[in-house]
Amino acid sequence: RPPRSTLFPYTTLFRSLSIGVGIFGGYRTSLDNDNVGVNAGIDLEYFNFFKVKGGFNYYINDNAESVFDFSPCGEIYLFNNKRIAFSAGVGADISTQYTSIYFPLNLELRINNNFLLYGDYCIKSNAVNIGVQYNFLRL
2 RPPRSTLFPY TTLFRSLSIG VGIFGGYRTS LDNDNVGVNA GIDLEYFNFF KVKGGFNYYI
62 NDNAESVFDF SPCGEIYLFN NKRIAFSAGV GADISTQYTS IYFPLNLELR INNNFLLYGD
122 YCIKSNAVNI GVQYNFLRL
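Quick note on this note's numbering: the sequence shown kicks off at 2 and runs consecutively.
If you want it as structure tokens, here you go:
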């Protein structure tokens with residue numbers, strides 16, 4: 002049988018791949034509104050210091066408007082171990098109503114291999130989000 006890297010050459014490039022769903026809530030001072038929402042996304046972690054993620058978010062804000070967007074993001078880990086990770090990065094929000102660049106600071110608390118709690122602060126829009134994510138597939 003050939004080695005795993007021959008069968009799946011991409012496995013040598015990343016440490017883990019997660020696909021999950023979650024729920025979050027937060028506040029954006031730039032839009033002066035509260036929002037809650039659900040998301041589905043993919044996280045691809047390279048070695049132990051860089052993560053690329055993309056997600057689809059459905060927001061419902063306090064003005065009863067709903068926004069569906071796609072948010073690709075790249076983050077560098079400033080601290081990362083099995084339970085806690087702190088990262089900073091750059092990303093984009095792409096929706097039918099707006100497109101913007103954001104700069105997140107993200108703190109993750111990993112409960113187990115599938116569940117994580119997270120909080121993030123976006124520097125540009127002065128937004129804070131807190132959420133829970135369930136990763137139903139983790140390679």
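Where a beta carbon is used, it is the ideal one built from N, C-alpha and C, also for glycine.
Under the assumption that residue i contacts residue j (Cβ atoms under 8 Å), give the Cβ distance between them as a whole number of angstroms.
i, j, result
"Y122", "V129", "5 Å"
"Y135", "G21", "5 Å"
Verify whether the separation of the beta carbon atoms of residue i and residue j is less than 7 Å.
i, j, result
"G92", "S72", "yes"
"S19", "R139", "yes"
"D70", "S101", "no"
"S88", "N107", "yes"
Counting C-beta neighbours from all protein chains within 10 Å, is the total for residue i 16 or more, i.e. buried, or is it exposed?
i, result
"I124", "exposed"
"K52", "buried"
"P3", "Only weak support is given to the placement of P3: the predicted model assigns it a pLDDT of 49, under 50, and the value that follows is read from those uncertain coordinates. Per the 10 Å Cβ criterion, exposed."
"D94", "buried"
"F9", "Since pLDDT at F9 reaches only 49, below the 50 mark, its modelled position is unreliable, and the value read off the structure follows with that caveat. The residue in question, F9, is exposed, as its Cβ has fewer than 16 Cβ neighbours within 10 Å."
"Y78", "buried"
"F137", "exposed"
"K83", "exposed"
Which residues mark the beginning and the end of the beta strand (DSSP E) in which residue i is found?
i, result
"S126", "It is not in any beta strand (DSSP E) - S126 carries neither H nor E in the DSSP assignment."
"F80", "67–81"
"R29", "17–29"
I want to see whether chain C comes within less than 7 Å of residue i, judged by CB atoms only; does it?
i, result
"S72", "In the structure shown, chain C does not exist; there is a single protein chain."
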